[in-house]
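Novice: If you're matching positions, the sequence shown starts at 17 in the UniProt record's numbering and goes up one per residue. Beta carbons are placed, not taken as given, at the ideal position from N, Cα and C, and that holds for glycine. Keep in mind the model is a prediction, meaning the values are calculated, not measured.
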Amino acid sequence: AAIYRDGVFGRRPRVPTDPASLEAAAKRKASVRGWAYVAGGAGDGVTMRANRAAFDRWAIVPRVLRDVSRRDLSVELLGRRIPAPVLLAPVGAAELLHPEADRAIAGAAAELGLPYVFSSQACFSMEECAAVMGDAPRWFQLYWSRDEGVVDSFLARAKAAGCEAIVVTLDTTMLGWRPQDLNLGSLPFSRGEGIAQYLSDPRFRELVRERLQAGLSGAASTGRPTLAALRALATMTRKFPGPFLANLRSPEPRAAVETFLDTYSRPSLTWDDIATLRERTDLPVLLKGILHPDDARQAADLGLDGIVVSNHGGRQVDGAVAALDALTDIAPAVADTNLTILFDSGIRTGADVLKALALGADAVLIGRPHVYGLAIDGRRGARDAVANIVAELDLTLGLSGLTGVAEATPEILRRS
Ligand code: FNR
17 AAIYRDGVFG
27 RRPRVPTDPA
37 SLEAAAKRKA
47 SVRGWAYVAG
57 GAGDGVTMRA
67 NRAAFDRWAI
77 VPRVLRDVSR
87 RDLSVELLGR
97 RIPAPVLLAP
107 VGAAELLHPE
117 ADRAIAGAAA
127 ELGLPYVFSS
137 QACFSMEECA
147 AVMGDAPRWF
157 QLYWSRDEGV
167 VDSFLARAKA
177 AGCEAIVVTL
187 DTTMLGWRPQ
197 DLNLGSLPFS
207 RGEGIAQYLS
217 DPRFRELVRE
227 RLQAGLSGAA
237 STGRPTLAAL
247 RALATMTRKF
257 PGPFLANLRS
267 PEPRAAVETF
277 LDTYSRPSLT
287 WDDIATLRER
297 TDLPVLLKGI
307 LHPDDARQAA
317 DLGLDGIVVS
327 NHGGRQVDGA
337 VAALDALTDI
347 APAVADTNLT
357 ILFDSGIRTG
367 ADVLKALALG
377 ADAVLIGRPH
387 VYGLAIDGRR
397 GARDAVANIV
407 AELDLTLGLS
417 GLTGVAEATP
427 EILRRS
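#1: Using DSSP bridges, identify the partner residues of Glu92.
#2: According to DSSP, is Ala379 part of a helix, a strand, or is it coil?
#3: Return the chain-ordered list of same chain residues with a C-beta closer than 7 Å to the C-beta of Pro426, the five sequence neighbours on each side being excluded.
#4: Looking only at C-alpha atoms, which of Ala177, Val183, Phe276 sits nearest to Phe220?
#5: Below 8 Å on the Cβ atoms is my contact criterion, and I expect Leu429 with Ile76 to pass it. Report the Cβ-Cβ distance as a whole number of Å.
#6: Would you list the one or two residues that DSSP bridges to Lys304?
#7: Flag this pair as touching only if the region 60-70 and the region 125-134 have three or more C-beta atom pairs under 8 Å; answer yes or no.
#8: Ile392 and Thr365 - do their beta-carbons sit closer together than 8 Å?
#9: For the candidate residues Cys145, Leu191, Val184, whose alpha-carbon lies nearest to that of Gln157?
#10: Locate the beta strand (DSSP E) running through Arg154, then write down its first and last residues.
#11: Is Asp360 near the ligand FNR - that is, is its Cβ less than 7 Å away from at least one heavy atom of it?
#12: Am I right that Arg30 and Gly397 are in contact with their C-beta atoms under 8 Å? What's the rounded C-beta distance?
#13: Candidates Asp83, Leu171, Glu116: which alpha carbon is nearest Ser136's?
#14: By DSSP, does Thr425 sit in helix, in strand, or in coil?
#15: Evaluate Trp287 with the Cβ neighbour count: other Cβ atoms within 10 Å of its Cβ, from every protein chain shown; 16 or more gives buried, anything less gives exposed.
#16: In terms of residue numbering, what span does the beta strand (DSSP E) encompassing Val102 cover?
#17: Could you say which of Ala272, Leu320, Pro269, Pro309 lies nearest to Asp289 if we only look at CA atoms?
#18: Excluding five sequence neighbours on each side, which residues of the same chain lie with their C-beta closer than 6 Å to the C-beta of Met252?
#19: Going by the DSSP bridge assignment, what does Gly420 pair with across the sheet?
#20: Kindly give me the distance between the Cβ atoms of Phe359 and Ala372, rounded to whole angstroms, as I take these residues to be in contact under 8 Å.
#21: Please say whether Arg86 and Thr419 have beta carbons closer to each other than 8 Å?
#22: Within the present structure, is the beta-carbon of Lys45 separated from the nearest heavy atom of the ligand FNR by less than 7 Å?
#23: Using 7 Å as the cut-off, classify the Cβ of Ser169 as near or not near the heavy atoms of the ligand FNR, replying yes or no.
#24: Under 8 Å: do the region 139-146 and the region 112-119 share three or more Cβ pairs, one atom per stretch?
#25: Please list the terminal residues of the continuous beta strand (DSSP E) segment that includes Ala75.
#26: Judging by CA-CA distance, which residue of Leu200, Gln213, Ala272, Asp217 is the nearest neighbour of Leu228?
#27: The ligand FNR and Leu191: does the residue's C-beta get closer than 7 Å to at least one heavy atom of that ligand?
Structure, rendered in structure tokens:
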């Protein structure tokens, strides 16, 4: 209602209200490097485009005369009621677009009462983000480190920081082929972006110390410091006085980046590792990056709490199935289980959210749009970008003849 009142009285919204204008406004604010990382996808962008196109193949069939004057968007997710079926997706290295990065997004999420999923590759520690959130809901996204001590430490910190669920991202055991970043020759992390979660971790710092004590940074992996690492060190010490260097003294930064690169992820991960999680945390566990019904079933068989049907916004396997198409296969396959089904990759509008809910999602994660909002106007921008999508969802729901999220079933859609 507020945004319409503003419009009537001639005030422009802080962030544009349609996906194309939002993206264009963010691009104007972003550095070339920041834009390549956030807006880019894997390979030729086939999956990124497919994610959007999949939504266009479904049409909402509105019903009329159903008294939609009162609507309730709230849902219960893992035992907690939230005002709308929307979460803010984990995003790493967001300081490429705004210095307040995750901390601004955390504040935005808290204002909206919607859960923010802290990224393993955040630019502020989960404790710093939690500190601006009061008792608003927050979750933690885990990249499974090669060092099991880091895994346990992250799990313990997440619990202590008030996170209410662990989301293990499985589609990024290695970084995808990202031409936009590669062609620029300056990947995120090269200047320390996105490694605050590690730098603030006691176990990780132990690893860095061990590496320093071993004398030669990089010895563990290559026997000598790599040229890339030396360049990274030079750039960081010159250009990166922010959160990264706050509690590190030279020559630690180089060792820290190398330790990060060596340990942040473990491509040898299997279902057996996931099975150990039940003993390692009492928080609900969800698996992110599920695209095959059999993998979804396996998550249910292991007694996990949920999945995030996602192809990482088309950033990992180019040519991978559109996330919405995967959802239409997966939802029926696990309908007889208690699995909570979340969805992301391609959500840009309220209508997109409604379609994903109708096709079986319990809630959705917003990815790039909140980062675009962040680029435009920090915390307020991130908040408004998400609030706009929620507002449009509210209108779309009502104008489709529905008064609650539970009424979003496949019957409201037609394949077109
Ligand atoms: C991501 N994503 C992501 N996912 C994750 O589990 N951990 C992470 O650190 C990141 N980092 C990240 C950075 C940036 C800049 C983007 C755009 C995305 C993926 C994210 O959580 C989500 O799956 C996608 O963004 C959803 O796709 P859309 O909505 O952006 O198309």
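Specialist: Answer, in terms of the structure:
#1: Start at 1 with the first residue of the sequence shown, and residue 92 comes out as number 76. In the DSSP output, where bridge partners are listed per residue, Glu92 has Arg97.
#2: The residue you call residue 379 lines up with position 363 of the sequence shown. Residue state, collapsed to three classes: strand.
#3: For the purposes of this step, residue 426 is identified with residue 410 of the sequence shown, where counting begins at 1. If we look at Pro426 and ignore the five residues flanking it on each side, its Cβ neighbours are Ala374, Leu375.
#4: Counting from one through the sequence shown, the residue named residue 220 turns up at place 204. Looking at the Cα atoms, Phe276 is the closest of the given residues.
#5: Taking the first residue of the sequence shown as 1, we reach residue 429 at position 413. Taking the first residue of the sequence shown as 1, we reach residue 76 at position 60. The pair is a contact, with the Cβ atoms about 6 Å apart (cut-off 8 Å).
#6: By one-based count along the sequence shown, residue 304 stands at place 288. Looking at the DSSP assignment, Lys304 forms a beta bridge with Thr185, Val324.
#7: Output reads no: the region 125-134 does not touch the region 60-70.
#8: Sequence index remark: in the sequence shown, residue 365 carries index 349 (1-based). Sequence index remark: in the sequence shown, residue 392 carries index 376 (1-based). Cβ atoms of Thr365 and Ile392: not closer than 8 Å.
#9: Taking the first residue of the sequence shown as position 1, residue 157 is located at position 141. Considering only alpha carbons, the answer is Val184.
#10: Locating residue 154 in the sequence shown gives position 138, counting from the first residue. Taken as a continuous stretch (DSSP letters only), the beta strand (DSSP E) holding Arg154 covers 154-158.
#11: Your numbering for residue 360 matches position 344 in the sequence shown. Because some heavy atom of the ligand FNR lies under 7 Å away, the Cβ of Asp360 counts as near it: yes.
#12: Numbered from its first residue, the sequence shown carries residue 30 at position 14. Numbered from its first residue, the sequence shown carries residue 397 at position 381. Sure, about 6 Å apart at Cβ, within 8 Å.
#13: As a working mapping, residue 136 is identified with position 120 in the sequence shown. Minimum Cα distance to Ser136 is reached at Leu171.
#14: Within the sequence shown, the letter at position 409 stands for residue 425. Assignment of Thr425 by DSSP, reduced to helix, strand and coil, places it in the coil class.
#15: Walking along the sequence shown from the start, residue 287 turns up at place 271. Exposed is the call here.
#16: To locate residue 102, count along the sequence shown from 1; it is residue 86. Val102 -> beta strand (DSSP E) spans 102-104.
#17: Taking the first residue of the sequence shown as position 1, residue 289 is located at position 273. When each option's Cα is compared against that of Asp289, the closest is Leu320.
#18: As a first step, residue 252 is located in the sequence shown; it is residue number 236 there, counting from the start. Note that Met252 scores a pLDDT of 49, beneath 50, so its modelled location is shaky and nothing firm can be said.
#19: For the purposes of this step, residue 420 is taken as residue 404 along the sequence shown, with counting starting at 1. According to DSSP, which records beta bridges pairwise, Gly420 is partnered with Asp88.
#20: Mapped onto the sequence shown, residue 359 falls at position 343. Mapped onto the sequence shown, residue 372 falls at position 356. Confirmed, about 5 Å.
#21: Taking the sequence shown and counting its residues from 1, one reaches residue 419 at position 403. Taking the sequence shown and counting its residues from 1, one reaches residue 86 at position 70. Yes, Cβ-Cβ distance for Thr419 and Arg86 is below 8 Å.
#22: Here residue 45 refers to the residue found at position 29 when the sequence shown is read from its first residue. Checking the Cβ of Lys45 against the ligand FNR gives no.
#23: Against the sequence shown, residue 169 aligns to sequence position 153. Answer for Ser169: no, Cβ out of range of the ligand FNR.
#24: yes
#25: Within the sequence shown, numbered from 1, the residue matching residue 75 stands at position 59. That run of the beta strand (DSSP E) goes 74-76.
#26: Translated into positions along the sequence shown, residue 228 becomes position 212. Out of Leu200, Gln213, Ala272, Asp217, Ala272 has the C-alpha closest to the C-alpha of Leu228.
#27: Counted from its first residue, the sequence shown places residue 191 at position 175. False, no ligand heavy atom lies under 7 Å from that Cβ.
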